[in-house]
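J.: This is the structure I want to talk about, given as structure tokens.
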Amino acid sequence: MVVGFDVCHDKALSQTSVGALVASLDSSYTRYYSSVTFHKDGSELCDLLAAVFMKCLVAFRSNNNGLLPTRIFFYRDRVGEGNYHYTLEVEVAKIVAMWNSTYPEAGECPLTYIIVSKGINAKIFLKANTPHLTPM
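Right under this line is the structure:
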């Protein structure tokens with residue numbers, strides 16, 4: 206199973222953040238489960254993230270004759286470098302705890318949690334006969 210989760214912080218929504226999760230439901234990655242959640246703070250986000258993840262596992266099982274995924278790759282976006290430790294200790298811990306309490310017969314949660322970082326401050330310039338030009 207491949208899972209992706211991202212958060213959008215929109216000031217127009219009165220400091221409410223929007224979390225979006227999408228997860229593959231089959232081995233050919235052609236069927237998906239998706240969910241959108243609204244939350245006001247980080248602790249609420251963690252609770253909602255773990256709960257939505259468990260719902261995607263229910264959807265996976267219903268599409269795979271009751272079987273759970275043998276490997277889960279979870280891509281997490283919008284995590285600042287200062288929050289990596291929090292993400293591991295809180296978000297990942299809640300997901301693993303929910304897995305262990307809901308599916309104890311399945312054994313250890315087969316989770317690989319990948320934090321995706323963006324280098325949005327990078328600039329590329331074209332050197333020409335004039336001063337440096339910024340490409341479109």
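Quick note: this note's numbering has the sequence shown finishing at residue 341, numbered continuously throughout. Even for Gly, the Cβ is constructed at its ideal location relative to N, Cα and C. As the structure is a computational prediction, the values presented were derived from the model and not from experiment.
What distance in whole Å lies between the Cβ atoms of Leu316 and Val301, which are believed to be in contact at a cut-off of 8 Å?
T.: 7 Å
J.: Would you mind working out which of Val257, Lys245, His244 and Val227 sits nearest Tyr343, comparing C-alpha positions?
T.: The question about residue 343 has no answer here: the residues shown for the chain are numbered 206 through 341.
J.: Relative to the C-alpha of Phe243, which candidate in Cys261, Thr221, Trp304 and Ser233 has its C-alpha closest?
T.: Thr221
J.: What is the DSSP secondary structure of Cys314, counted as helix, strand or coil?
T.: Note: Cys314 maps to coil in three-state DSSP.
J.: Pick helix, strand or coil for Tyr289, following the three-state DSSP scheme.
T.: helix
J.: Taking Asn305 as the reference, which of Met259, Ser219, Glu286 and Gly287 has the closest Cα?
T.: Met259
J.: Where do the ends of the beta strand (DSSP E) carrying Ser229 lie?
T.: Ser222 to Ser229
J.: Across which residues does DSSP place Ile300 in a beta bridge pair?
T.: Beta-bridge pairing links Ile300 to no other residue.
J.: Give every residue of the same chain whose Cβ lies closer than 7 Å to the Cβ of Leu253, excluding the five residues on either side of it in the sequence, and list them in chain order.
T.: Gly224, Thr242 and His244
J.: Can you tell which of Val321, Ile320, Ser229 and Ser219 has its C-alpha closest to the C-alpha of Arg266?
T.: Ser229
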